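Heads up: the structure comes next, in structure tokens.
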Amino acid sequence: MAIHREGITTETHDWTMIKASSLIKDQKVITIDGSLPVEEACNLLIENNITSAPVYESNVKEVSETTIVHPRSYVGMFDYGDVIAYILLVLQNMPPPGDDEAQEGMNFEIKDIIRRAVEGREVPVRLASDLSQKNPFYSILPEATLLSAVEEFAYGIHRVCVLNPDGSIKGILSQSNVARYLYTNQRNFSDIERVMNKTLRQLGLGVSDVIAVNADSPVLDALSLM
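Positions 3 to 228 (our numbering) are the ones given, in order, by the sequence shown.
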């Protein structure tokens, strides 16, 4: 609401100034304990019908014995892109037994994942968090504007976590949340309504090449292109 000098309040028609937190009211946030195996973390995504979830470090405990509560330490996001990256890493880069040279040039986390897989041990999801390097953990405060979130999306970020002052997650704002809100309320924003009335060709959208594989291609080849 905009306040005029006369004290009259009027509804704002500037979507850029809307608080990002207003789009995530009553949202149930699913988080993943970083110590969970990758397989269990993947099941959590499936069971809750979500594509991504924040991963927190499980060795940071919430203290309830005192009035002080220590917020969880979030180490990243986990999504299906990370699942694909994990599968490719394990199946394509697992070296033969005793071949230490094959792991040269890999960072510690990658080596740890491969070593655990070779030994048949569980891989904690914290190691696979943002393994695809396409879904980092980004956060904004509740008072942040919708414009600030959209600016993050413009750099390829798919979602941002809205944090409470104590560091806990209030909700997750995704690109689809924003697109749905702007489409539903386009009549309230003249600039958005003008964009909605244009064609994809006029907006220069949908012009990138379509990536495809043959029906008889191995699944790993298809996953490598994703």
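Beta carbons are placed, not taken as given, at the ideal position from N, Cα and C, and that holds for glycine.
Predicted model, so just to flag it, every value in this text is computed and none were measured.
**OP:** Would you mind working out which of A87, K21, D132 sits nearest L148, comparing C-alpha positions?
**Re:** In the sequence shown, the residue the question calls residue 148 occupies position 146. Answer by Cα proximity: K21.
**OP:** Could you tell me the distance, in whole angstroms, from the CA atom of I159 to the CA atom of P138?
**Re:** Stepping through the sequence shown from its first residue, residue 159 is reached at position 157. Stepping through the sequence shown from its first residue, residue 138 is reached at position 136. Roughly 8 Å between the two C-alpha positions.
**OP:** Return the CA-CA distance between K30 and N190, expressed in angstroms with no decimal places.
**Re:** Taking the first residue of the sequence shown as 1, we reach residue 30 at position 28. Taking the first residue of the sequence shown as 1, we reach residue 190 at position 188. Going from the Cα of K30 to the Cα of N190 covers about 28 Å.
Original post:
How would you label Y88, buried or exposed, when you count the other beta carbons within 10 angstroms and need 16 or more for buried?
Top reply: Numbered from its first residue, the sequence shown carries residue 88 at position 86. Per the 10 Å Cβ criterion, buried.
Subject >> Minimum C-alpha distance to V212 - residue among L227, S219, L205, L202 >> reply: Here residue 212 refers to the residue found at position 210 of the sequence shown. When L227, S219, L205, L202 are compared, the shortest CA-CA separation from V212 is found for L227.
Subject >> Under the three-state DSSP convention, the category A55 falls into >> reply: Stepping through the sequence shown from its first residue, residue 55 is reached at position 53. A55 carries a strand assignment under DSSP once its states are collapsed to helix, strand and coil.
**OP:** Answer with yes or no whether the minimum CB distance from V120 to chain D is below 8 Å.
**Re:** No chain D is part of this structure, which consists of one protein chain only.
Original post:
How many angstroms separate the CA atom of S150 from the CA atom of S75?
Top reply: What you label residue 150 is simply residue 148 of the sequence shown in a count that begins at 1. What you label residue 75 is simply residue 73 of the sequence shown in a count that begins at 1. It is roughly 23 Å from the alpha-carbon of S150 to the alpha-carbon of S75.
Original post:
In three-state terms, what does DSSP make of F110?
Top reply: In the sequence shown, the residue the question calls residue 110 occupies position 108. Helix, per DSSP.
**OP:** From the DSSP output, read off the bridge partner residues of V209.
**Re:** Numbered from its first residue, the sequence shown carries residue 209 at position 207. Beta-bridge pairing links V209 to no other residue.
**OP:** Could you round the C-beta distance between G83 and S134 to whole angstroms and report it? I think they count as a contact, below 8 Å.
**Re:** Numbered from its first residue, the sequence shown carries residue 83 at position 81. Numbered from its first residue, the sequence shown carries residue 134 at position 132. Contact flag correct, Cβ pair sits at about 4 Å.
Original post:
What is the rounded straight-line gap between the Cα of V209 and the Cα of T201?
Top reply: Counting from 1 along the sequence shown, the entry for residue 209 is found at position 207. Counting from 1 along the sequence shown, the entry for residue 201 is found at position 199. Taken atom to atom, the span from the alpha-carbon of V209 to that of T201 is near 12 Å.
Subject >> Residue(s) in a DSSP beta bridge with S141 >> reply: Reading the sequence shown from its first residue, position 139 is the one you call residue 141. Looking at the DSSP output, S141 shares a beta bridge with C163.
Original post:
What is the rounded straight-line gap between the Cα of L225 and the Cα of G169?
Top reply: Counting from 1 along the sequence shown, the entry for residue 225 is found at position 223. Counting from 1 along the sequence shown, the entry for residue 169 is found at position 167. Between L225 and G169, the C-alpha separation is close to 35 Å.
**OP:** For my contact list, A55 and I34 are in at a C-beta cut-off of 8 Å; report their separation, rounded to the angstrom.
**Re:** The count along the sequence shown starts at 1 and reaches residue 55 at position 53. The count along the sequence shown starts at 1 and reaches residue 34 at position 32. Confirmed, Cβ separation roughly 5 Å.
**OP:** Express the C-alpha separation of I112 and V120 in angstroms, rounding to a whole number.
**Re:** Position 118 of the sequence shown, counted from the start, is the residue given in the question as residue 120. Position 110 of the sequence shown, counted from the start, is the residue given in the question as residue 112. The alpha-carbon atoms of V120 and I112 are separated by roughly 12 Å.
Original post:
In the DSSP assignment, what are the bridge partners of G78?
Top reply: The residue you call residue 78 lines up with position 76 of the sequence shown. BP columns for G78 point to V57.
Subject >> 7 Å Cβ shell around I52 - same chain, five flanking residues per side excluded >> reply: Position 50 of the sequence shown, counting from 1, holds the residue named residue 52. Closer than 7 Å at Cβ, skipping near neighbours: I32.
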